[in-house]
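Quick note on numbering: our numbering labels position 20 of the sequence shown as 32, and the sequence is numbered without any gaps. Working notes, structure below.
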Amino acid sequence: MTHETKTMEVPVAIADRVQTLIDAYEAKEKFNAERKVVVNNFLAMDGLSCEMAVYSLPQGELLDTLRFVYELSGTNSKFITNILSQSRENPKKVLSDAQRSSAKSLLFNLINDPSVVSAMKEI
13 MTHETKTMEV PVAIADRVQT LIDAYEAKEK FNAERKVVVN NFLAMDGLSC
63 EMAVYSLPQG ELLDTLRFVY ELSGTNSKFI TNILSQSREN PKKVLSDAQR
113 SSAKSLLFNL INDPSVVSAM KEI
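Here it is, written out as structure tokens:
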């Protein structure tokens, strides 16, 4: 019994778009896996250690973790949305001290939110 495989030629633009979608999906999965490890480490700490770890995060990791936890929490905070939008538009811009402090505080509060803890168990 012989199986014959038939291939179909697709326009380059479609193939490129499909590959872009695949790459984006893989990047998002990698991002989520990395952030899941970070958040699980925070959840495993006692309150003070977790707070100190959150406050010692560099800006890039802070924003990535905040984005991940914010999506998990399902909350709707204009402040977080604004910070994440600004960082996406201009990734090299340094947050102000007030923005950084508020972002760290919000991240710490979100990590300790019961909705995030239960969402992490489901992932």
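Every residue gets a Cβ at the ideal spot worked out from N, C-alpha and C, and that includes glycine.
query: Using DSSP with H/G/I as helix, E/B as strand and the rest coil, what is P126?
result: Working through the sequence shown from its first residue, we reach residue 126 at position 114. Correct three-state label for P126: helix.
field: Neighbourhood of G86 by C-beta, 7 Å cutoff - its chain only, sequence neighbours within 5 removed
entry: To locate residue 86, count along the sequence shown from 1; it is residue 74. Same-chain partners within the cutoff: S127.
task: In the DSSP assignment, find the alpha helix (DSSP H) that holds N44 and state where it starts and stops.
output: If you number the sequence shown from 1, residue 44 lands on position 32. Run containing N44: 24-56, per the alpha helix (DSSP H) assignment.
message: On a Cα-Cα basis, can you pick out the residue from L75, M132, K133, N124 that is closest to K105?
response: By one-based count along the sequence shown, residue 105 stands at place 93. Closest by alpha carbon: L75.
task: With a 10 Å radius around its C-beta and 16 neighbouring C-beta atoms as the bar for buried, classify A115 as buried or exposed.
output: Position 103 of the sequence shown, counting from 1, holds the residue named residue 115. Flag for A115 reads buried.
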